[in-house]
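Residue numbers (this note's numbering): 53 to 268.
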């Protein structure tokens, strides 16, 4: 990783994996908002724009999730990259550690997701009102009472991976929203990391792929 964006009073640094005239590929630390919240202005967007004023948010990672995300340089590139995400022309790979031993080595969760409105921002599976949500998964390794998973979301619903893992009985370790107390306290952070991202460069038309080593 070539460069870092650091805040003077915060040990969480943002890695700049790639910098072009079209986009920035960034490595977001866990427990940092992607964009400003209602009561919290410190976020990935604000920190990056302090160094790159033309950087614009294309997509978001949950605050608790670490890993790769891309920001566009300017509005034209923003439109191009957002269209790629909306039309599912990007490739996204996550890594997670979940509770228990997952049965089987590969599989797919196809379960629609909708906002759990009385408990927002939580999400839930709802086959009548939910929007289509698909996640492919593969077991990387199994430990005593945990499983390391590779997750490939085809859709991009809010909290999709966390909700889908809970739906198959294997919540992500450290998940304070979707796991029981035993699984929540099993890790001081959410063990979910955006490990790889692929998309097309708006200017060159080249397919580009970037990765970030899993920190846990």
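Glycine is no exception: its CB is placed at the ideal position from the N, C-alpha and C atoms.
Pop quiz: residue i and residue j are said to be a contact at Cβ under 8 Å. What is the actual Cβ separation, rounded to whole angstroms?
i	j	result
residue 130	residue 86	Wrong, their Cβ atoms sit about 15 Å apart, outside the cutoff.
residue 122	residue 76	7 Å
residue 252	residue 136	6 Å
residue 216	residue 119	Wrong, their Cβ atoms sit about 17 Å apart, outside the cutoff.
At what residues does the alpha helix (DSSP H) containing residue i begin and finish?
i	result
residue 127	127 to 138
residue 200	Note, residue 200: premise wrong, no alpha helix (DSSP H); beta strand (DSSP E) at 198 to 205.
Just verifying my parser: in three-state terms, what is the DSSP assignment at residue i?
i	result
residue 101	helix
residue 53	Confidence in residue 53 is poor, its pLDDT being 46 and thus under 50, which makes the residue's placement too unreliable to answer from.
residue 84	coil
residue 78	strand
residue 96	helix
residue 141	coil
residue 162	strand
residue 107	strand
residue 195	coil
residue 119	strand
residue 155	coil
residue 70	strand
Hey, out of the options, whose CA is closest to residue i's CA?
i	options	result
residue 190	213, 234, 98 and 172	213
residue 82	72, 90, 96 and 71	96
residue 196	263, 149 and 237	149
residue 58	99, 71 and 73	99
residue 229	210, 94 and 107	210
residue 128	192, 110 and 141	110
residue 140	222, 66 and 187	187
residue 70	244, 64, 248 and 203	248
residue 256	238, 151 and 72	72
residue 267	133, 224, 142 and 241	241
residue 234	125, 133, 205 and 152	152
residue 103	62, 56 and 180	56
residue 162	227, 206, 261 and 88	206
residue 194	158, 84, 154 and 115	154
residue 157	263, 236, 264 and 201	201
residue 90	262, 218, 173 and 238	173
Start and end of the beta strand (DSSP E) containing residue i?
i	result
residue 115	First-last for residue 115: undefined, no H or E at that position.
residue 261	259 to 263
For a test of your reading of the model: does the CB of residue i fall under 7 Å from any non-hydrogen atom of the ligand NAP? Yes or no.
i	result
residue 177	Ligands in the displayed structure: none, and consequently the ligand NAP is not present.
Self-check item: Inside the segment 208 to 253 only - alpha helix (DSSP H) runs reaching at least 4 residues
Solution: Complete alpha helix (DSSP H) runs here, min 4: 212 to 219 and 233 to 236.
Exercise. For the segment 164 to 190, list the beta strand (DSSP E) runs that are entirely contained and at least 3 residues long, ordered along the chain.
Key: List check, beta strand (DSSP E) in window: 165 to 167 and 175 to 177.
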